[in-house]
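Trainee: Anchor point for the sequence shown: position 43 equals 125 in the working numbering, and the numbering is continuous, going up by one each time.
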Amino acid sequence: MKILVIGTGNMGSAFVQQLTRAGHKVSVTGRDSAKAAQVASRHGARALPVQGAASGNEIVILATGYAQAVDALRAATPDAGQIVVDITNPLTADYMGLTIGHTTSAAEEIARAVPNVRLVKAFNTVFAQLLAAGPDLGAGRRVTTFLAGDDAPAKEAVTAMARSMGFEVIDAGTLRNARYLEPLAGLNIYLGYGAGLGTGIAPTWVRKD
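(1) Which same chain residues, not among the five before or five after residue 96, have their C-beta less than 6 Å away from its C-beta?
(2) In the structure shown, what three-state DSSP assignment does residue 290 receive?
(3) Report the three-state DSSP secondary structure of residue 216 (helix, strand or coil).
(4) Among 179, 226, 265, 260, whose alpha-carbon lies nearest the alpha-carbon of residue 246?
(5) Please state if the CB of residue 180 and the CB of residue 186 are separated by a distance shorter than 8 Å.
(6) What does DSSP give as the partner residue(s) for residue 230 in the beta ladder?
(7) Could you check the C-alpha separation between residue 86 and residue 100 for me, to the nearest Å?
(8) Report yes or no: do the region 186-206 and the region 223-243 share at least 3 C-beta pairs separated by less than 8 Å?
(9) What does a CB cutoff of less than 6 Å around residue 151 pick up in its chain, not counting 5 residues either side in sequence?
Set out below in structure tokens:
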């Protein structure tokens, strides 16, 4: 797949690493063009200027903070109907709470602000360190990502992308259910940092045979 990563921080860099490793044709862009070039060079991807960077890609991964997400996505000028993966969480300054919730979500707000794209919530419950290390947890276990979205073909494409990197996928329903996934990420962040469990953790659901 042709995939654009918007964002050059820990999550963006980890996505570029894992996607190129999985054989995808990856581009990366961000506010700091020099950093985008460094990330691209490190992982065998291509750095692009922000304006128009989304054009022609099958999937765009929005790997910025929530506060910057809408402006970053608009600047990349996504094509009509383009698949956008929102990984953001609307976190407070201390990362221990959410700024919105209950009646909306970061994903829904981004989708309202940029309505011409097909938005899928995914990877928001995965720490950057775990994403960079890869999905294998040992003993046959793999990191799970939850997907929420209103467009079935878009979710199928994101599922295929996630599985190509080795991740387990759980379909969490419509985009409205991002209202559950973002608090779940908040709990994961608390457990990782507030409770001292570290960043080698990720939530999943288990089924009794």
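For every residue, glycine included, the Cβ atom is placed at its ideal position computed from N, Cα and C.
Note that the structure is a prediction, hence the values are computed from the model and not measured.
Mentor: The short version:
(1) 210, 213, 214
(2) coil
(3) coil
(4) 226
(5) no
(6) 203
(7) 13 Å
(8) yes
(9) 144, 170, 192
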